[in-house]
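Read the structure below first, then the notes.
Protein chains: 2
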Amino acid sequence: MEMQNVPYIRMNGGRAEVIKRDAITHIRGQALPADHETYTGILESLDNTIRPRGVGQGALSNAHGDWYEWMLALEAWNTAANNPDADLALLLPNKRRFDLSRLYSPRICGIITDLRNKVLQTGNISFVSSNPDFVILGRSVVDRVIPHLNPINMLSNDAIDTLDNSYLEFADQCSFEEIKGYISVKSSLRPDRRLQIPHEGSLMKAVYVHIQTREWIINPNGIKYYAISTAINDSDIEALNTVATHSITTVSSVPQAAVDQLFAANSPVEARAVFEQILLP
Amino acid sequence: MEMQNVPYIRMNGGRAEVIKRDAITHIRGQALPADHETYTGILESLDNTIRPRGVGQGALSNAHGDWYEWMLALEAWNTAANNPDADLALLLPNKRRFDLSRLYSPRICGIITDLRNKVLQTGNISFVSSNPDFVILGRSVVDRVIPHLNPINMLSNDAIDTLDNSYLEFADQCSFEEIKGYISVKSSLRPDRRLQIPHEGSLMKAVYVHIQTREWIINPNGIKYYAISTAINDSDIEALNTVATHSITTVSSVPQAAVDQLFAANSPVEARAVFEQILLP
DNA sequence: TCGCGCCGGCGCG
DNA sequence: TCGCGCCGGCGCG
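Protein sequence lines correspond, in order, to chains A and B.
Okay, so the first sequence: first residue is 19 according to our numbering, each after it adds one.
Okay, so the second sequence: first residue is 19 according to our numbering, each after it adds one.
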């Protein structure tokens, strides 16, 4: 086992812990993922550097999630920076740290709080899903909040902090139509884990329909829910096409998928193609 | 590493594989879980016997799922065997091996197939969830199909085969009211993994409401969805109380939880208390 | 401290 | 063969 100190491993009571942000920036010398690289190849090469230092599989699994999200978030940011009409997909923290409905203006946020309370009072019923990995913000609110979006040219610690924290600037700022959708990201899928995604999509869409009803909005754009992974198969696609159950109880409504589309993105080129499809007007 | 052969490890190209059924029956000498034991204690002692033989954590994680399900299935079986009015909770295989709707009579099964096809045709929309771990069958169909339910007194390979395969006898046999509900079982929970359960519950309940509408059944009992784990906390309970989204779109319907109740069961005594609550009339 | 949301390594048919 | 559904070990605030 390598015993020199490296800045991205922290010893904690005899256990070697990965400092996720420092690991990817230090090992790769702040290099952006290059067009000839694959994301799974990058994850593997980070694993190969780190594993000999006594880091367990659970730590690497945990890190893969953030590393893949950061690499995607970077392409999403640059897509918006390079296209003045593009929407922006931003990373979100977990729901303990930030309640998603706070992105909306206080009026809309209040409707969601009211819905939650009313449903809760009818019998201890809640509205729980994980926070989606990304929110897609309409360009109008982006231009109000971050008028100058500078492209990111290095995967530095500062760049990662920007990708991780910019959502905070949008608190209270979004109108109903300015949250365009969400993206769920998984570096790999399993038949059980993938079902977390339609659960999230189904719930977000039901809340959206509720706001629409309460605000009597006649022809809204709808909310989009996307998913991205490094590799997908037909079973994954079918599972994510599962119906949003609020849309099938009555004959009058058209059945709607919980997840609008699942994309494979295992390289910067593929990621840019995805974001150009879902962020450009 | 222990190198004697044991009958519950299979070498497969240099990798030690656990034969799950043989491991629990052989190591425990077919003993039933005793009232003074905990399920997590039993899992731990099985781990401690098996791990030194070079079996990895992934294999043990996989085995924990089946071992815990078998120990619960045994108590459910005996609850029905010892109470002539009790419903029966039976293990189900995965959805590739058995399409759940086939438990219903062909008429009801046809309605579900029809729903799936119609929704599919409106835009490649599907109805995917994992099969629940258990189905709860009403005593009337149990009495028709297995008139003599013998208690299980040993955790033998034969007993496990009975627990695993008895569902097959109920194919085509259940009326609409004779499938009382489902149970999802997890030996441990995580904030992401637990959300697979409301997804399943929400989907099953939406399908149930659809059948009810199509068959114009005025006051059905409803379908119950339960969950069981060895240990639960308040966040788990709240997450599983998430609303079934089909029930909140219109003002007219009462919001309904996707999962009716989450139970902790870490011993035979606790498991019997759970099954007596949900299986006895 | 612990809640969050991450994901790989399984046994089996 | 591969699809299914299993679950522990994380880094972080």
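Just so you know, even glycine gets a beta-carbon here, dropped at the ideal spot from N, CA and C.
Quiz item: Where does the unbroken alpha helix (DSSP H) through B:Gly219 begin, and where does it stop?
Solution: Gln214 to Glu233
Exercise. Under 7 angstroms Cβ to Cβ from A:Thr97, same chain only, skipping five residues before and after it: list those, please.
Key: Ala104, Arg290, Phe293, Glu294 and Leu297
Quiz prompt | Chain-ordered chain B contacts of A:Glu256 [CB-CB under 9 angstroms] | solution = Asn142, Ser144 and Val146
Quiz item: Measuring CB to CB, does A:Lys223 end up less than 8 angstroms from A:Ala262?
Solution: yes
Quiz item: Would B:Ser220 count as contacting chain A if we go by Cβ distances under 8 angstroms?
Solution: yes
Exercise. Taking only beta carbons into account, state which residues of the segment 56-77 of chain A come closer than 8 angstroms to chain B, listed in chain order.
Key: Gln75
Quiz item: Can a CB atom of chain B be found closer than 8 angstroms to the CB of A:Thr260?
Solution: yes
Practice problem: For the beta strand (DSSP E) containing B:Ser205, list its first residue and its last residue. | Solution: Note, B:Ser205: premise wrong, no beta strand (DSSP E); not H, not E.
Quiz item: In or out: A:Arg232 buried (at least 16 other Cβ within 10 Å) or exposed?
Solution: exposed
Quiz item: Exposed or buried, which one is A:Glu62 when buried takes at least 16 other CB atoms within 10 Å?
Solution: exposed
Self-check item: Reference A:Ala107; option with closest CA among A:Tyr244, A:Gly128 and A:Lys113
Solution: A:Tyr244
Quiz item: Under the rule that 16 or more other beta-carbon atoms within 10 Å means buried, what is A:His82, buried or exposed?
Solution: buried
Exercise. Report buried or exposed for B:Asp254, applying the criterion of at least 16 other Cβ atoms within 10 angstroms of its Cβ.
Key: buried
Exercise. Could you pull the start and end residues of the alpha helix (DSSP H) that B:Phe293 belongs to?
Key: Pro286 to Leu297
Practice problem: Give a yes or no on whether 8 angstroms exceeds the smallest Cβ distance from B:Thr43 to chain A. | Solution: no
Practice problem: Compare the C-beta of A:Asp53 with all C-beta atoms of chain B and state if any pair is closer than 8 angstroms. | Solution: no
Exercise. Following the continuous beta strand (DSSP E) through B:Asn30, name the residue where it begins and the one where it ends.
Key: Ile27 to Asn30
Quiz prompt | Residue-level contact to chain B via CB, A:Ala224, 8 angstroms cutoff | solution = yes
Quiz item: Under the rule that 16 or more other beta-carbon atoms within 10 Å means buried, what is B:Gly47, buried or exposed?
Solution: exposed
Quiz item: Can you tell me where the beta strand (DSSP E) with A:Ile246 in it begins and where it stops?
Solution: Lys242 to Ser247
Exercise. Starting from the C-beta of B:Asn175, find all residues in its chain whose C-beta is less than 8 angstroms away, skip the five residues before and the five after it, and write them out in chain order.
Key: Arg39, Asp40 and Thr43
Quiz item: Start and end of the alpha helix (DSSP H) containing A:Glu187?
Solution: First-last for A:Glu187: undefined, no H or E at that position.
Quiz item: Per the contact definition of three or more C-beta pairs closer than 8 angstroms, is the segment 160-175 of chain A in contact with the segment 66-73 of chain A?
Solution: no
Self-check item: Three-state secondary structure assigned by DSSP to A:Gln274
Solution: coil
Quiz item: Buried or exposed: A:Lys136, going by 16 or more other Cβ atoms within 10 Å of its Cβ?
Solution: exposed
Exercise. Spell out whether any CB of chain A is found under 8 angstroms from the CB atom of B:Pro216.
Key: yes
Quiz item: What's the C-alpha gap between B:Ala99 and B:Asn259?
Solution: 31 angstroms
Quiz item: If you count every other CB in all the chains shown that lies within 10 Å of the CB of B:Arg125, and 16 or more means buried, which is it?
Solution: exposed
Quiz item: So, do the segment 209-223 of chain A and the segment 146-155 of chain A have three or more beta carbon pairs nearer to each other than 8 angstroms?
Solution: yes
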